[in-house]
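**Q** Quick one: structure below, then a few questions.
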DNA sequence: TTGTATGCGTTATCAA
DNA sequence: TTGATAACGCATACAA
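Residue numbers (our numbering), protein chains in the order written: chain V, 1 to 346; chain S, 1001 to 1346.
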């Protein structure tokens, strides 16, 4: 990428054409409340319009010492979980004169730190870390360190998922949701469960497994760890994990499988079909998230609904209101069990 | 959102700590190749590291007269079509020291212009317009006008979808894909078609309908315009349009329905189910895009596969290579018919 | 209310 | 090779 000449009109051009000083032009266009006479203001606005003037945001940032850019870092923007959160952020940002810069780590935790550094360089006003925290102390330490620097520069950091970092956080009640789901499934009569668990280091996955086990325990049902199979947090991960699970257990040993997210559940459903099993007659299947795009698969997926757009919007609200905060705040978002056709009815 | 103090480390701090001049520090850190003595360079790098120095991108932008920001404007980031394209863009941008700013218009065409203005203010190096062009001359004129300004400022504009604007474009062969699909469906024995057509003003939708009709025509099959129902380019739009269509025709009058995208097709499939129709036994159903998240719905959708991530990557490549261009370039991306269970087999 | 002048952090031009 | 200094475009403290 080579350089391009940039011949933008500047505030000076506008001021010259309006026959006023730089300061007056600035005040008329961007300055705070009422300080410019109506006639001059009009002249300046006219000049700006006829010259197609757009304030140089970089220069404004330098002069003001702050930008109107907010960073959003996700694990994978193609994943509907994250694209929904992104939509929520974008909608909340709408009309706030904020531009959102996107980072997609491709599920490599260390890239989160890279993006944070890049966004500090850009002097982003805030960064929203949308993905699950990981159980990896070296990455977490590096991240914490970079967050400290970012914040000491006056930046705001908001996390979504677990309260692992000392920043404003939108906590997703994964554990609670999974517990409720387990309880509902036991109510439906299921007793012998398998779990497609996602990567062990991913706290979101782990919380869901823990919560699920907890819910079963309260109902007096035991979860055999042999039936907990880890796999990637993706459709293929679910497909593969289900294959492994089915290969490891005899027929009839399982009556219900919980995939820790909907995307994995869909992969699992395909694996079932390939194995000649019918859901829910031969096996119940449940997911987590209630991804809207997946709501119409057949049989419809029993899951835990998460208001993902609201999650994104809430994160943005934390950013927008961060000036008044004294210490890290927490917003809790609960999931709601939704029983559908992928599990049997009572 | 109130202001925050920003106490960033500046290049001056680094220079001072290294005991060199500003110029030397600049050259050692960001300047071009080999011009600083090894010892001084080392001192500067050490100082920068120990101070956690991150260059102020705004200041660099001012001094250099250009930024490393690229804008990406989509209709709806939550739509898997766009999130896949976004993923392609992000991946291509990876490691290029480019930051991507996201705009989501929520399907309001005029907001595209707003984002373009905002990104011009930000002095984005380029903007990628990812959504379908619309048949709305007032919006198109406004957009064209703003593009002129953006380009005269040295900015690069790349469009995805139709070649409606005088800019580098990744053309998606909607017409061709739909024609091939029609041909394949006729080969399967279908004769009486319905179409769920999306908004009439949206060129992507319109091209697909035209191509489909064209393909049918070549095979000697007529498409009754009464069976072409318009609706929103969404799941609900497909659901509703299918309901309308089913209400308007008698049983057996239709043997196959083409929804102009997969998301609508999914809604249509639900409408069929609700009407007691089985796909493909009672009615064939086809979509367009081959959205990966929807690949596992049952019955699997016959569709036209579009390499969406590649589309995004190609758009970014056009941005990256724009310096050498003399006149607007075109990259054509073809779709490929994929026959699955939602249409009968031969 | 309006204008003048300074500084924001960096790159790049010019001397040394 | 290194250093001093003038831009870059804007906001704002201060002066008028």
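A virtual CB, placed ideally from N, CA and C, is assigned to each residue, including glycine.
1. What's the call for residue 30 of chain V, buried or exposed, on a 16-neighbour Cβ count within 10 Å?
2. Can you list, in chain order, the residues of its chain with a C-beta nearer than 6 angstroms to that of residue 212 of chain V? Leave out the 5 residues immediately preceding and following it.
3. For a contact defined as C-beta to C-beta under 7 angstroms, what are the partners of residue 1298 of chain S on chain V?
4. Using a Cβ-Cβ cut-off of 8 angstroms, state whether residue 1004 of chain S counts as contacting chain V.
5. How is residue 172 of chain V classed by DSSP in three states: helix, strand or coil?
6. Select from V:247, V:214 and V:159 the residue whose C-alpha is nearest the C-alpha of residue 330 of chain V.
7. By Cβ distance, which residues of its chain are closer than 7 angstroms to residue 1012 of chain S, with the 5 residues on each side in sequence left out?
8. Assign residue 1321 of chain S to one of three DSSP states: helix, strand, or coil.
9. What span of residues does the beta strand (DSSP E) with residue 258 of chain V cover, start to end?
10. Chain S partners of residue 118 of chain V, CB-CB under 7 angstroms?
11. Does residue 33 of chain V get closer than 8 angstroms to chain S when you measure Cβ to Cβ?
12. Would you call the CB atoms of residue 197 of chain V and residue 228 of chain V closer than 8 angstroms?
13. Assuming residue 267 of chain V and residue 236 of chain V form a contact by the criterion Cβ under 8 angstroms, report the distance between their Cβ atoms to the nearest whole angstrom.
14. From residue 119 of chain V to residue 332 of chain V, what does the alpha carbon distance come to, in whole angstroms?
15. What ranges does the alpha helix (DSSP H) occupy inside the segment 1246–1315 of chain S, keeping only unbroken runs of at least 4 residues that lie completely in it?
16. Between which two residues does the beta strand (DSSP E) carrying residue 1024 of chain S extend?
17. Determine, using beta-carbon pairs with one atom in the segment 135–151 of chain V and one in the segment 277–287 of chain V, whether at least three such pairs fall under 8 angstroms.
18. As a quick exercise: from V:101, V:36, V:155 and V:110, pick the residue whose alpha carbon is nearest that of residue 125 of chain V.
19. Rounding to the nearest angstrom, what Cα-Cα distance links residue 1223 of chain S and residue 1340 of chain S in this structure?
20. With 16 other CB atoms within 10 Å as the buried threshold, where does residue 1105 of chain S fall?
21. Relative to chain S, which residues along the segment 44–56 of chain V have a C-beta separation below 9 angstroms, given in chain order?
22. Could you give the residue range of the beta strand (DSSP E) that holds residue 234 of chain V?
23. For the segment 114–148 of chain V, which residues have a beta carbon sitting closer than 7 angstroms to at least one beta carbon of chain S?
24. Counting only beta-carbon separations shorter than 8 angstroms, does residue 20 of chain V have a partner in chain S?
25. With DSSP as the reference, please indicate the residues paired to residue 1336 of chain S in a beta bridge.
26. Listing by chain order, which chain V residues have their CB less than 7 angstroms from the CB of residue 1104 of chain S?
27. With residue 1122 of chain S and residue 271 of chain V assumed to form a contact (beta carbons below 8 angstroms), what rounded beta-carbon distance in angstroms separates them?
28. Taking all protein chains shown into account, do 16 or more other C-beta atoms lie within 10 angstroms of the C-beta of residue 1218 of chain S, making it buried, or fewer, making it exposed?
29. Which of the three DSSP states, helix, strand or coil, is assigned to residue 243 of chain V?
30. Ends of the alpha helix (DSSP H) at residue 1118 of chain S?
31. Thinking C-alpha only, which one of V:163, V:338, V:343 and V:316 is nearest residue 86 of chain V?
32. Measuring CB atoms only, is the segment 1124–1144 of chain S touching the segment 1062–1072 of chain S, in the sense that at least three cross pairs come out at less than 8 angstroms?
33. For residue 312 of chain V, count neighbouring C-beta atoms within 10 Å of its own C-beta (all shown protein chains included) and say buried if the count is 16 or more, exposed if not.
34. Pick out whichever of V:187, V:40 and V:59 has its Cα sitting closest to the Cα of residue 24 of chain V.
35. How many Å lie between residue 248 of chain V and residue 294 of chain V at the Cα?
36. Drop a sphere of 10 angstroms on the beta-carbon of residue 1048 of chain S, count the other beta-carbons inside from all chains shown, and report buried for 16 or more, exposed for fewer.
**A** Result, derived from the coordinates:
1. For this step, residue 30 of chain V is matched to residue 30 along the first chain. With fewer than 16 Cβ atoms within 10 Å of its Cβ, residue 30 of chain V is classed as exposed.
2. Here residue 212 of chain V is taken as the residue at index 212 of the first chain, counted from 1. Hits under 6 angstroms: 178, 182 and 258.
3. Residue numbering aside, residue 1298 of chain S sits at position 298 when the second chain is read from its first letter. Within chain V, the residues placing a beta-carbon under 7 angstroms from that of residue 1298 of chain S are 297 and 298, ordered along the chain.
4. Here the question's residue 1004 of chain S lines up with position 4 in the second chain. Its pLDDT being 40, under 50, residue 1004 of chain S is placed unreliably in this model, and the coordinates cannot settle the point.
5. As a first step, residue 172 of chain V is located in the first chain; it is residue number 172 there, counting from the start. Correct three-state label for residue 172 of chain V: strand.
6. Here residue 330 of chain V corresponds to residue number 330 of the first chain, with the count starting at 1. If we check each option's Cα against that of residue 330 of chain V, V:159 comes out closest.
7. Within the second chain, numbered from 1, the residue matching residue 1012 of chain S stands at position 12. Closer than 7 angstroms at Cβ, skipping near neighbours: 1022.
8. Locating residue 1321 of chain S in the second chain gives position 321, where the first residue counts as 1. Residue state, collapsed to three classes: coil.
9. The residue given as residue 258 of chain V occupies position 258 in the first chain. For residue 258 of chain V, the enclosing beta strand (DSSP E) stretches over residues 256–259.
10. In the first chain, residue 118 of chain V corresponds to position 118, counting from 1. Those within 7 angstroms of residue 118 of chain V in chain S are 1099.
11. The residue you call residue 33 of chain V lines up with position 33 of the first chain. Not closer than 8 angstroms to any Cβ of chain S, the Cβ of residue 33 of chain V fails to qualify, so no.
12. Sequence index remark: in the first chain, residue 197 of chain V carries index 197 (1-based). Sequence index remark: in the first chain, residue 228 of chain V carries index 228 (1-based). Yes, the pair counts as a contact, with Cβ atoms nearer than the cut-off.
13. For the purposes of this step, residue 267 of chain V is identified with residue 267 of the first chain, where counting begins at 1. For the purposes of this step, residue 236 of chain V is identified with residue 236 of the first chain, where counting begins at 1. Residue 267 of chain V to residue 236 of chain V, Cβ: 6 angstroms. Contact.
14. To locate residue 119 of chain V, count along the first chain from 1; it is residue 119. To locate residue 332 of chain V, count along the first chain from 1; it is residue 332. Put simply, the backbone Cα of residue 119 of chain V is about 26 angstroms away from that of residue 332 of chain V.
15. DSSP runs (the alpha helix (DSSP H)) wholly in the segment 1246–1315 of chain S: 1262–1274.
16. Along the second chain, one-based indexing puts residue 1024 of chain S at 24. Not the beta strand (DSSP E): residue 1024 of chain S falls in the alpha helix (DSSP H), residues 1022–1029.
17. These segments do not touch.
18. Taking the first residue of the first chain as position 1, residue 125 of chain V is located at position 125. Nearest C-alpha to residue 125 of chain V: V:155.
19. Taking the first residue of the second chain as 1, we reach residue 1223 of chain S at position 223. Taking the first residue of the second chain as 1, we reach residue 1340 of chain S at position 340. C-alpha of residue 1223 of chain S to C-alpha of residue 1340 of chain S: approximately 23 angstroms in a straight line.
20. Taking the second chain and counting its residues from 1, the one referred to as residue 1105 of chain S is at position 105. Classification for residue 1105 of chain S: buried.
21. Against chain S - using a Cβ distance shorter than 9 angstroms - the residues of the segment 44–56 of chain V are 52, 54, 55 and 56.
22. Translated into positions along the first chain, residue 234 of chain V becomes position 234. For residue 234 of chain V, no beta strand (DSSP E) encloses it, and the DSSP letter there is neither H nor E.
23. Answer in chain order: 117, 118, 120, 121, 122 and 123.
24. For the purposes of this step, residue 20 of chain V is taken as the residue at position 20 of the first chain. No, its Cβ sits nowhere closer than 8 angstroms to a Cβ of chain S.
25. Taking the second chain and counting its residues from 1, one reaches residue 1336 of chain S at position 336. DSSP, once it has assigned bridges, lists S:1305 as partnering residue 1336 of chain S.
26. Counting from one through the second chain, the residue named residue 1104 of chain S turns up at place 104. Around residue 1104 of chain S, the beta-carbon contacts reaching into chain V at under 7 angstroms are 87 and 90.
27. For the purposes of this step, residue 1122 of chain S is identified with residue 122 of the second chain, where counting begins at 1. For the purposes of this step, residue 271 of chain V is identified with residue 271 of the first chain, where counting begins at 1. Not really, about 46 angstroms apart at Cβ, beyond 8 angstroms.
28. The residue given as residue 1218 of chain S occupies position 218 in the second chain. Label assigned to residue 1218 of chain S: exposed.
29. The residue given as residue 243 of chain V occupies position 243 in the first chain. Three-state result, residue 243 of chain V: helix.
30. The residue labelled residue 1118 of chain S in the question sits at position 118 within the second chain. Counting along the chain, the alpha helix (DSSP H) containing residue 1118 of chain S begins and ends at 1110–1121.
31. Start at 1 with the first residue of the first chain, and residue 86 of chain V comes out as number 86. Minimum Cα distance to residue 86 of chain V is reached at V:316.
32. Flag = yes, the segment 1124–1144 of chain S and the segment 1062–1072 of chain S touch.
33. The sequence position of residue 312 of chain V within the first chain is 312, counting from 1. Burial check for residue 312 of chain V: the Cβ neighbour count within 10 Å reaches 16 or more, so the residue is buried.
34. Here residue 24 of chain V corresponds to residue number 24 of the first chain, with the count starting at 1. Nearest of V:187, V:40 and V:59 to residue 24 of chain V, Cα basis: V:40.
35. In the first chain, residue 248 of chain V corresponds to position 248, counting from 1. In the first chain, residue 294 of chain V corresponds to position 294, counting from 1. Residue 248 of chain V and residue 294 of chain V have their C-alpha atoms some 28 angstroms from each other.
36. The residue you call residue 1048 of chain S lines up with position 48 of the second chain. Label assigned to residue 1048 of chain S: buried.
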